[in-house]
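Quick note, the sequences are listed as chains A and B, same order.
Sequential numbering from 1 applies to the first sequence in my numbering.
Sequential numbering from 1001 applies to the second sequence in my numbering.
We put the CB at the ideal spot given by N, CA and C, even for glycine.
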Amino acid sequence: MAALAAALTLAVTHSIERRYERAFAFRIARTTAAYIAAVTPPPPPPPPPVRRRGRIRRPQAPITPVPQSPASRSYHLPSLLTQARGLRTLPGWTTEVEVYYGTAPLVDATAPPLSPDDLLLLDSAGGRWREGSALVPLKDRDGREIVGAVAARPLRVPTGPLPGGLGFAFPAAVLAVAGAAGIAFRGRSLRRGGYVGAALLLAVASYADVRAVARSSTNRWLTDTRRLLQEAATRLPPPRSRVSVSDLAALVQDGELVGGEPAESAPWRARVGGAPRAIVAILIGSGRWVDLRTVPAEITTPHWLLLLLPSALVGPFGILLLRWAERTPARKRRETVIAWGFLAPAGLHLLVFTLGPAAFAVYLVLPLANFRAVVHDPLTWLSIRNTALYALYVPVSVVIALGAALVVHRFRVGWGGRLLRSALLLPYVTSVVTIALVWQLIDQTGTLGLGRSGWLSSPATALPALMLLALYAQVGGQTLVFLAGLERIPRAYVDAARVDGASAWRRFWRITLPLLRPMTWFVVLSGLLSAFQVFTIVFVLTQGGPGMLVQRVYQLGWGGAGGAGGAGGAGGGGGSQAFGMASAFAILLCLALVLFSWPRLKLLGRDARHA
Amino acid sequence: MRKLGLGLLSLAVIAPFLYMVSVSLMGESELLRWPPPLLPQTPTLSNYAAALAALPYSKVFLNTAIVAGCVMVGQVLTSAAAGYAFARMRFPGRDGIFAAFLATLMLPAILLVIPRFLLVNAVGWVDTYPGLISTELVSVLGIVLMRQSFLMLPRDVEEAARLDGAGEWTLFWRIMLPLARPAVITLALLAFMDQCRNFLWPLIVTRSADMAVAEVALARFHTAYSTNWPYQMAAAVLVTLPVWVVCLIGQRYVMQGLRITGAAVRL
């Protein structure tokens, strides 16, 4: 079990390391391709056609500019060959690279050529992984057509304290397996055997490995690119004139080149304008230094802890599971396994689509500046105010529903009662957009005695009008809930009170209401929760009129600028910045709603226990 | 007399919907008169024909039916299985896990919308049925509902079936689930209504008109024909009528469902 977990962790570490190595190979291959494209001269122009002098002088044809043929945009083959071979002899160059002209290899002429399909695929994909090396297209001088390819094979860089450069993870894995073996043979408890510690050590060690590889991939790109740039500085045409920084900067697409100071040869890390950068100093020409900066690859490594920690902890959990299985009788074990089987679909779904996303939302918010941005945004406070005012309709509607239920309960028999139930159900089951549209129609035509008013569209009255609409949509269902609650109250209670001479008012306050209290709270809290998340009716009706909380999140995330502006503009999707801010807002909303959702959960749990 | 009063009250409650049907039968220019008429002068069905073609109704109906159907089946199966495990089985950590399930109810939909969208986008499910359906397949309220109904079934049935040699699966599928049929129907109807009303998620996760579900299509129809009310009302009737029919047939079960949701509609 422990060996399995260790192997799994090692495999995961290895595959992550490979990812970084591949990314490095692609980068250096692209840079090399750009370098070659820049330093290789075009082929010599074809010799001008010799015009024979005929006896009859034809009228001179109008001179048309000769369109540049694809061949003339390509490269001078002999010098391309020299450049490519020259790459191998660069001192300090750590990559094994191959240049193809068409499909033919130039550096190592005996290597197998590419197939024509490889080039075609490159055209559509822009680079792919082929037989252990990164293959990127080599474009012609104008960057239009693919004339060849550059392949870069990453070489492993040894890391770690042991000789042979096996990294930190391998010795840690040996340690972990040994710890597990100690537990197994000496029958120690899991806690005392030190295996959990060893497993955690394994996770940390493999993380260190991943980080080292990511770091070295950036460093290698920096140093290798430095070699290329120094070469380019001497070779870039025209010779013997000072090369301009912008010419060189064109070679490195995913880095930036700025004027710099003399420095040591090793790359270093610094913060430039608040963002982390990996920097190396380059000497181009006499006394001219530039800094090559790029985003260090290791800033993405913390993601991988999410993968590395669980896979390292598979071992301890597996042993715990085995121990548990040994202790428990077979019948109970079987029942547990079956129960987990029944839970698995729902549990996995919740993990993937609810708990995972919730954790990810928290992650999206980082950096915490998002919270500050949300708190300082005046629109935030406006939407909070609007939504809180809007939610005031809930207690009103619950009181109305309770009153209506008491009245209807007395006359519940007969077709009238049945009809009323169906009628009350109708708004509850109707689609929300339909309700919104119907009320907008009523509002605009001014029928049903409201007068021609346009309440929903004028800013001053839009909020009360929305509340009225929500009241209509909710009150029917709530009445039905209370009706069902009233029917569950045993008649004996009420009859006994009546015999004792209690008035109707007293009966309500002393018997009915206390019995309905949990249900009333549940309805109020559910109503408040849904009121605070109102979205659809506002979206359909007021086109961003009174901004509500959820509206704001939607605008932040999916950029319905200003007004929500019709249902058509649902495309796009904001950048990560927008999502970060939207998530910050949603988390604040979630925390605020705990005020309602927590007691509601308590009520639901109690209901579930007593049913 | 009382019956008549109740009848009048019901009429008042559904008056907006009657008006909706009435306007859907009017000619386009009739609403422009003052005062606006309550009833159409010359009832016409042409709005329906136009809305059927312009929505486009068959596509929207199919999309909504597929999404609601899949979600219905998925929620019933997952909720029944999980509710059964919580109600009828004993295993370590049961109450803790149930509490954890319940706790997910505290996460508001809007918090989950962004990361879920990123997830669905990463898998390439934007603007597809899986994107619409996958996130909705489990309902914690459904699990609570099923658990309650399984708790109320008598132990004798289970023991008798065990004596007859029924395995766990047979017991669940052949005996317990049929006994819990009312809860199953309630849950199915709740899932159906929820999907017919769902707006924010389909709005975000679908883009093309081909994938629009009823609510989104209706909202777009509203933007496209914002002044032509007879058109819009005809479309609204077309979209709403199937849901009404289903819910009025299953009225008894919808009432059961009302209790567990607290009658809250996400407006």
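Exercise. Of all the options Val407(A), Leu469(A), Arg410(A), which has the alpha carbon lying nearest to the alpha carbon of tyrosine 428(A)?
Worked result: Nearest C-alpha to tyrosine 428(A): Leu469(A).
Exercise. What is the DSSP secondary structure of tyrosine 20(A), counted as helix, strand or coil?
Worked result: In the three-state DSSP reduction, tyrosine 20(A) falls in the helix class (H, G or I).
Problem set entry | Stretch pair the stretch 384 to 393 of chain A + the stretch 521 to 533 of chain A: three plus CB contacts closer than 8 Å | As far as the Cβ criterion goes, the stretch 384 to 393 of chain A touches the stretch 521 to 533 of chain A, which means the pair count is three or higher.
Problem set entry | Segment limits, alpha helix (DSSP H) that includes valine 1067(B) | Valine 1067(B) -> alpha helix (DSSP H) spans 1057 to 1088.
Problem set entry | Same chain, Cβ closer than 8 Å to proline 395(A), neighbours up to 5 away in sequence not counted | The beta carbon of proline 395(A) is closer than 8 Å to those of Val524 in its chain, skipping five residues each way along the sequence.
Problem set entry | Contact the stretch 1019 to 1030 of chain B vs the stretch 434 to 447 of chain A: 3+ CB pairs below 8 Å | With a cut-off of 8 Å, the stretch 434 to 447 of chain A and the stretch 1019 to 1030 of chain B count as touching, because enough Cβ pairs lie within range.
For this session: Could you check the C-alpha separation between leucine 1119(B) and proline 357(A) for me, to the nearest Å?
Result: Using only the alpha carbons, I get a separation of about 8 Å.
Problem set entry | Close-in-space but distant-in-sequence residues of the same chain around leucine 202(A) (CB under 6 Å, 5 per side omitted) | Taking C-beta separations shorter than 6 Å and ignoring five residues to either side along the sequence, the partners of leucine 202(A) in its chain run Thr9, Ala172, Ala173, Ala176, Ala312, following chain order.
Exercise. So with Cβ pairs under 7 Å, would you call proline 490(A) a contact of chain B?
Worked result: Residue-level contact by beta carbon fails for proline 490(A) and chain B, as no gap is shorter than 7 Å.
Problem set entry | Interface positions of the stretch 1013 to 1026 of chain B facing chain A (Cβ-Cβ less than 8 Å), listed along the chain | Residues passing the 8 Å Cβ filter: Val1013, Ile1014, Ala1015, Pro1016, Phe1017, Tyr1019, Met1020, Val1023.
For this session: Can you grab the Cα-Cα spacing for the pair leucine 556(A) / alanine 1236(B), in whole Å?
Result: Cα to Cα, the separation comes out at about 30 Å.
Exercise. DSSP on tryptophan 289(A), reduced to helix/strand/coil?
Worked result: Strand.
For this session: Grab the span of the beta strand (DSSP E) containing tryptophan 129(A) for me, first residue to last.
Result: Counting along the chain, tryptophan 129(A) sits inside the beta strand (DSSP E) bounded by residues 128 to 130.
For this session: Starting from leucine 135(A), trace the beta strand (DSSP E) both ways and give me its first and last residue.
Result: First-last of the beta strand (DSSP E) with leucine 135(A): 133 to 139.
Exercise. What does lysine 1003(B) reach in chain D if we use C-beta pairs closer than 7 Å?
Worked result: In the displayed structure, chain D is absent; the protein chains listed are A and B.
Exercise. Is it true that the stretch 1129 to 1147 of chain B meets the stretch 347 to 365 of chain A, where meeting means three or more beta-carbon pairs spaced less than 8 Å apart?
Worked result: Proximity of the stretch 1129 to 1147 of chain B to the stretch 347 to 365 of chain A meets the contact definition, three or more beta-carbon pairs being nearer than 8 Å.
For this session: Compare the C-alpha of isoleucine 1204(B) against each of Cys590(A), Leu591(A), Trp558(A) and name the closest.
Result: Of the candidates Cys590(A), Leu591(A), Trp558(A), the one whose C-alpha sits nearest the C-alpha of isoleucine 1204(B) is Trp558(A).
For this session: Alpha carbon to alpha carbon, how far is alanine 1050(B) from cysteine 1247(B)? Give it in angstroms, no decimals.
Result: The alpha-carbon atoms of cysteine 1247(B) and alanine 1050(B) are separated by roughly 27 Å.
Exercise. In terms of residues, what are the limits of the beta strand (DSSP E) holding valine 258(A)?
Worked result: Per DSSP, the unbroken beta strand (DSSP E) holding valine 258(A) starts and ends at 256 to 259.
For this session: Say whether chain B places a C-beta atom closer than 7 Å to the C-beta of proline 599(A).
Result: No, because no Cβ of chain B sits closer than 7 Å to the Cβ of proline 599(A).
Exercise. Enumerated in chain order, which unbroken segments of the alpha helix (DSSP H) with a length of 4 residues or greater are wholly contained in the stretch 1088 to 1140 of chain B?
Worked result: 1094 to 1103, 1109 to 1123, 1129 to 1134, all fully within the stretch 1088 to 1140 of chain B.
Exercise. When the Cα atoms are used, what is the spatial distance from valine 494(A) to phenylalanine 596(A)?
Worked result: Valine 494(A) and phenylalanine 596(A) have their alpha carbons spaced roughly 32 Å apart.
Problem set entry | Straight-line Cα distance separating threonine 461(A) from leucine 1006(B) | One C-alpha to the other measures close to 32 Å.
For this session: Return yes when the Cβ of serine 217(A) is within less than 7 Å of the Cβ of tyrosine 20(A), no when it is not.
Result: Yes, the pair counts as a contact, with Cβ atoms nearer than the cut-off.
Exercise. Do threonine 225(A) and threonine 95(A) have their C-beta atoms within less than 7 Å of each other?
Worked result: The beta carbons of threonine 225(A) and threonine 95(A) sit no closer together than 7 Å.
Exercise. With a Cβ-Cβ cutoff of 7 Å, do glycine 148(A) and leucine 138(A) count as a contact?
Worked result: Between glycine 148(A) and leucine 138(A), the C-beta spacing is below 7 Å.
Exercise. Do you know offhand how far leucine 1039(B)'s Cα is from asparagine 1047(B)'s?
Worked result: Distance between the alpha carbons of leucine 1039(B) and asparagine 1047(B): 15 Å.
Exercise. What did DSSP end up calling glutamine 1256(B) once you bin it into helix, strand or coil?
Worked result: Glutamine 1256(B) falls in the helix class under three-state DSSP.
Exercise. Going along chain B in order, which residues have a C-beta closer than 8 Å to the C-beta of histidine 349(A)?
Worked result: The contact set of histidine 349(A) on chain B, defined by CB atoms closer than 8 Å, consists of Thr1078, Leu1137, Val1138 in chain order.
Exercise. By Cβ distance below 6 Å, which residues in the same chain neighbour glutamine 1256(B) in space, the five residues on each side in sequence not counted?
Worked result: Counting only Cβ-Cβ distances below 6 Å, and skipping sequence neighbours, we find Thr1186.
For this session: With DSSP as the reference, label valine 407(A) as helix, strand or coil.
Result: It is helical.
Exercise. For alanine 178(A) versus aspartate 209(A), is the C-beta distance shorter than 7 Å?
Worked result: In this structure, aspartate 209(A) does not lie closer than 7 Å to alanine 178(A) by Cβ.
Exercise. Taking C-alpha atoms, which residue in Ala369(A), Met548(A), Leu593(A), Arg418(A) lies nearest to glycine 580(A)?
Worked result: Out of Ala369(A), Met548(A), Leu593(A), Arg418(A), Ala369(A) has the C-alpha closest to the C-alpha of glycine 580(A).
Exercise. Are the C-beta of glycine 1250(B) and some C-beta of chain A separated by less than 7 Å?
Worked result: Taking Cβ atoms only, chain A never reaches closer than 7 Å to glycine 1250(B), which makes this a no.
Exercise. Do alanine 33(A) and valine 196(A) come within 7 Å of each other at the CB atom, strictly closer than that value?
Worked result: Judged by beta-carbon spacing, alanine 33(A) lies beyond the 7 Å limit of valine 196(A), meaning their Cβ atoms are not closer than that value.
Problem set entry | Between the CA atoms of arginine 1207(B) and glycine 568(A) - distance to the nearest angstrom | Model confidence at glycine 568(A) stands at a pLDDT of 33, short of 50, so the residue's coordinates are unreliable and nothing is read from them.
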